[in-house]
Amino acid sequence: MSNLTLAPTRTVLVDRLGARSAAANITMVVAGAALTAGAAQLVIPMWPVPITGQTFAVLLVGTTLGALRGALSMVLYIALGAIGLPIFTEGSAGWHVIAGPTGGYLVGFVLAAVLTGWLAQRSWDRQIVGAAVAFLAGTAVIYAVGLPWLSVALGQLGYPNDMGATLQAGFLPFVPGDILKAVAAGVLLPVTWKLVSRAKK
Numbered sequence: 032m033s034n035l036t037l038a039p040t041r042t043v044l045v046d047r048l049g050a051r052s053a054a055a056n057i058t059m060v061v062a063g064a065a066l067t068a069g070a071a072q073l074v075i076p077m078w079p080v081p082i083t084g085q086t087f088a089v090l091l092v093g094t095t096l097g098a099l100r101g102a103l104s105m106v107l108y109i110a111l112g113a114i115g116l117p118i119f120t121e122g123s124a125g126w127h128v129i130a131g132p133t134g135g136y137l138v139g140f141v142l143a144a145v146l147t148g149w150l151a152q153r154s155w156d157r158q159i160v161g162a163a164v165a166f167l168a169g170t171a172v173i174y175a176v177g178l179p180w181l182s183v184a185l186g187q188l189g190y191p192n193d194m195g196a197t198l199q200a201g202f203l204p205f206v207p208g209d210i211l212k213a214v215a216a217g218v219l220l221p222v223t224w225k226l227v228s229r230a231k232k
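Numbering (my numbering), first residue to last: 32 to 232.
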């Protein structure tokens, strides 16, 4: 961790790949939203919060696109789903999804993309520990918004919404997967950086 820094480098992975024009930036934002939409369809059904591939996609988008483009990509994803495109989990859509038990996680996606992108702009994604910590930090942000929202929603639906019930419904089943995602990021991102850097020499 001693080599990690909070000083910005600004360059994230897509910049290294040459995505600097306005058209390229727009394409990357749309691609990030599309990746998240696709990952939302990888589902292990559970209620009220299913296990999906979304969070990995969100954190990957934030890390590779940077804070601003990552956040815009998540805002686009949420907006398109809200107006009716079937891109939320299991092809769902509409404002009722955002207002429902999982709406807080969707809002958390935007903030998580900002945080992971911010850390990537400080080169955290170029080291094993830094990439894993960035993913865990982004995950924590998603829960920080998602769990209180879930608790309120469960109470409105007449279900128990005490801390234990909320953690069981929206946190504990996901911890093993979150750890695996962080480990995967710790391997995938630094290796990708090395491959790209070699190719650009």
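Don't be surprised by glycine CBs; every beta carbon is placed ideally from N, CA and C.
For clarity, every value in this text was computed on a predicted model and none was experimentally measured.
- Of the residues assessed, Ala-64 falls on the buried side of the cut-off, its CB having 16 or more other CB atoms within 10 angstroms.
- With 16 or more other CB atoms across the displayed protein chains lying within 10 angstroms of its CB, Leu-90 is buried.
- Exclusion of the five residues before and after Ile-173 leaves Thr-86, Tyr-136, Gly-139, Phe-140, Ala-143 as the residues of its chain whose Cβ lies within less than 7 Å of its Cβ.
- The way I'd put it, the stretch 160 to 178 does touch the stretch 199 to 216; three or more beta-carbon pairs between them come closer than 8 Å.
- By the CB criterion at 8 Å, Phe-119 and Val-106 fall outside the cutoff.
- Residue nearest to Ala-124 within the set Ile-114, Pro-132, Val-60, Gly-131 is Ile-114 (criterion: CA-CA distance).
- In this structure Ala-151 is in contact with Thr-94, their Cβ atoms being roughly 5 Å apart against a cut-off of 8 Å.
- The C-alpha of Gly-134 lies about 20 Å from the C-alpha of Gly-195.
- Contact between the stretch 49 to 64 and the stretch 176 to 186 is absent: fewer than 3 CB-CB pairs across the two stretches fall below 8 Å.
- In the pairwise beta carbon analysis, the stretch 41 to 48 is classified as not touching the stretch 64 to 82: fewer than three pairs are separated by under 8 Å.
- Between Leu-37 and Gly-84, the alpha-carbon positions lie close to 29 Å from each other.
- Residue state for Thr-83 is assigned as strand, using DSSP reduced to three classes.
- Residue state for Val-74 is assigned as strand, using DSSP reduced to three classes.
- The C-beta of Ser-104 has 16 or more other C-beta atoms within 10 Å across all chains shown, which makes the residue buried.
- Scanning the stretch 104 to 167 from its first residue to its last, the whole alpha helix (DSSP H) runs of 4-plus residues come out as 126 to 130, 134 to 151.
- Straight-line spacing of the CA atoms in Gly-69 and Ile-159 works out to 26 Å.
- In this structure, Ala-163 sits away from Val-227, with a CB-CB distance that is not shorter than 8 Å.
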